[in-house]
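Right, one structure below, let's go through it.
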Amino acid sequence: MTLLPNYLYDYVFSCILEYLYRKPSIPSSRDFSICINNNEVIGYATINKSLYNIISSILKKLLNFSSFKLLRNLIDYKNPTLQEFGKLIPLKDSVAVYSSYDITNKNIDTSVYKKILIEVSYPDFECPQNARLNIIFRQNPNFDLKSLVTNFKNENIRKVSMHGNNFTKEEKKALVDIATKTGVKKIRLYGILVDDDISPLFNLTQLTALGLSECSYPKYVAMINNQNTKLKKLRIESPGLNEDMEYNDSETIHQDFKSMVETLSKNTTIKKLEILEFNYLQKYINELEIVNGFKTIFTSPFFSVESLKITTSSHFLNEAMIHNKTIKNLELIEGDLDNVIRNILVHNRTIRNITTRYNSSEEDLNALKLLTQEPYSSTIDLYSITFYVQRDEIQKYKKMFKYHHFPVREFNIRPYNYTMYGRSVSSQIVVNNSILNIIQQKGFKPPKISDEFRNCFLNNK
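So in the numbering used here, spot 270 of the sequence shown is number 450, and the numbers just go up one at a time.
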């Protein structure tokens, strides 16, 4: 006889696992594999068989291509029939990611997976029925646009990336036509010039993610159709140094910037915004206009972004962030944590999670000291701060946490060279009322479960 009905256990652990594997604050990037500690979930699953089955069922629902790196260590690759300890997802319910080289040159049985994702320059092989494609359009000696247009099949396309630097205008137009016919939900654009016509991409009703890299981005962000698209994520990166990406006159970019501000201030669907470039704007637009533009965006009643990633020059957003009421997760790439604490967090109580990358340990630790001083210690209340650090500097952070009390519930320390390959564990300790999680890559040890927690499941056979 159980203390609670199974549907309540299912609800409780659904909430826990949703938080662990889908929370926006989970750090990820193209440079470092996503990292997470699965030990907590394994510990729950080993309490008894009933709970094992409940958690296994939830994980099957959570597993997709986006969460694959988080959950891959819980997939049973060796034992399709008899699951080994710690493997909560049967192979038949799992997903896998391959390159086109893997598919064409290796003897891979793709049918054993529920779904597979293939990353390919262009589809020149027979696509398995359970496959989805991430297509990268880029010039290479074997690229045959005419053949691609003739043979393209669109039913399995998940994402399209277009490296436009070496394509002619006619080729870019043909690639845009292909992309608009696929029903693709995610698009990444590289090297698109000021006078390139890619406007059809911004009217796609199914578009959920858009990345602009090495592009004249004010013009293209302004093209987003707020009525048609269901855009959830927008990423803006540096236009680079290509002269063809430069504006011919300042009046044009001023108008494009105003249009971009108007578009983003009226958008109600974007939840994750990444602005990794300000220098391009500074070349053409004065600082006050940039500050006021982003303040208009961030304080708009329609603005609904919850996660923001920014790099350097974050002072442009001080005014905007002070008055914003939607952003909960802030990630700083070479950003100024000191500035955020002094000028934003003392006014903004909505931000709950902060992540920093590429900062020196000295910058991080000096910023942390501010949180132990007035007025910051009494006015700031954060849920978590995540630091990416060099392995040999972890002890510096531990020492800081040991001797100071912070208005932060949880600290996460993740080494820069962390990889998901191999077993991952973390140490967790409570220091001065803050939880400290440190990701490690060592031999596996199941976490300890408290007697109180274990006893509530003793009869759940």
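Quick reminder that beta carbons are idealized off the backbone N, C-alpha and C, glycines included.
Quick one, which of D572, I593, Q570, R571 has its alpha-carbon nearest F581's?
I593
Determine the burial state of K463: buried for a count of at least 16 other Cβ atoms within 10 Å of its Cβ, exposed for fewer.
exposed
Beta-carbon within less than 7 angstroms of N528's beta-carbon, same chain only, minus the 5 sequence neighbours each way: which residues are those?
M501, I502, N504
Could you say if the segment 467-483 and the segment 429-447 meet the contact criterion of at least three C-beta pairs nearer than 8 angstroms?
yes
Taking a contact to mean a Cβ-Cβ separation below 7 angstroms, would you say Y370 touches E351 in this structure?
no
Cβ of L243 within 7 angstroms of Cβ of L231?
no
Once the 5 residues before and after P185 are set aside, which same chain residues still bring their CB inside 6 angstroms of it?
none
Can you look up Q553 in the DSSP assignment and give me helix, strand or coil?
coil
Cross-strand partners of Q608 (DSSP beta bridge):
N617
How would you write the range of the beta strand (DSSP E) that Y278 sits in, first residue to last?
275-279
Option nearest N509 by Cα separation, candidates Y201, D256, D376, L453:
L453
Let's test the definition: count the other Cβ atoms within 10 Å of the Cβ of N285 and tell me whether it reaches 16, buried, or not, exposed.
exposed
Can you grab the Cα-Cα spacing for the pair N233 / K272, in whole Å?
16 angstroms
Going by alpha carbons, who is nearest to F317 out of T290, I296, I367?
I367
Check this for me: beta carbons of I235 and I255, under 7 angstroms apart or not?
no
Which complete alpha helix (DSSP H) runs does the segment 346-415 hold, if anything under 4 residues is left out?
349-361, 397-401
For R338, is the classification buried or exposed, using 16 other Cβ atoms within 10 angstroms of its Cβ as the cut-off for buried?
buried
Please report how far the alpha carbon of L525 lies from the alpha carbon of E299, in whole angstroms.
41 angstroms
Determine the DSSP secondary structure at N186, reduced to helix, strand or coil.
helix
According to DSSP, is F437 helix, strand or coil?
helix
Closest by C-alpha distance to P595, when choosing among I615, R589, S540, I315:
S540
So the alpha helix (DSSP H) S564 belongs to, where does it begin and stop?
Run containing S564: none in the alpha helix (DSSP H); it sits in the beta strand (DSSP E), 562-569.
Start and end of the beta strand (DSSP E) containing I513?
509-513
Candidates D544, D561, E511: closest to D518 by CA position:
D544
Based on DSSP bridge pairs, tell me the residues matched to S487.
K452, N509
Below 7 angstroms between beta carbons: does that hold for A389 and M440?
no
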